[in-house]
Amino acid sequence: MLATAAPIAAQAASKPNMLVIMGDDIGYGNISAYNQGMLGYNTPNIDRIAQEGALFTAYYAQQSCTAGRSTFSTGQTPIRTGLTKVGLPGAEQGLLPQDITMATALKDM
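Quick note on my numbering: the sequence shown kicks off at 167 and runs consecutively.
The structure is reproduced here in structure tokens:
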């Protein structure tokens with residue numbers, strides 16, 4: 167049984183584990199891992215991830231949800247895509263058919 171379990175474990179480890187937590191209008195103080203809950207917010211699941219070794223103290227955020235989501239999805243700055251403000255249906259700005267998104271890049275992993 168151990169002989170068959172080893173290749174399965176090795177195969178599973180070859181794929182990356184990714185966790186993305188994205189929110190809108192969340193400040194540094196809204197996550198209790200950063201302030202021990204002193205501001206009244208309780209985020210036990212995020213706190214557990216922080217205790218297990220993933221605590222981020224340096225970051226940059228875009229000024230709007232559209233700009234942030236498009237930057238996250240493509241790796242392109244909002245100036246390049248034109249998505250600097252909230253996107254509107256039918257607007258000329260936006261992603262081009264040839265733009266590669268994170269989903270496309272990760273699909274074959």
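The beta carbon of each residue, even a glycine, is placed where N, CA and C say it ideally should be. Keep in mind the model is a prediction, meaning the values are calculated, not measured.
- Taking the Cα of P263 as reference, the smallest distance to any Cα among V252, M275 and T240 is reached at T240.
- Pairing D265 with Q242 gives a Cβ-Cβ distance under 9 angstroms.
- The three-state reading of DSSP puts D213 in helix, counting H, G and I together.
- The criterion of a C-beta distance shorter than 9 angstroms is not satisfied by N183 and Y194.
- At the C-beta level, T247 and G260 come within 9 angstroms of one another.
- The Cβ atoms of T223 and G253 lie no closer than 9 angstroms to each other.
- It is roughly 28 angstroms from the alpha-carbon of A257 to the alpha-carbon of K273.
- The C-beta of I245 has fewer than 16 other C-beta atoms within 10 Å across all chains shown, which makes the residue exposed.
- Taking C-alpha positions only, A216 is separated from Y207 by approximately 15 angstroms.
- Between S198 and the set T267, K181, L221 and D190, the nearest pair of CA atoms involves L221.
- When the alpha-carbon of G234 is set against those of T209, S180 and I187, the nearest one is in I187.
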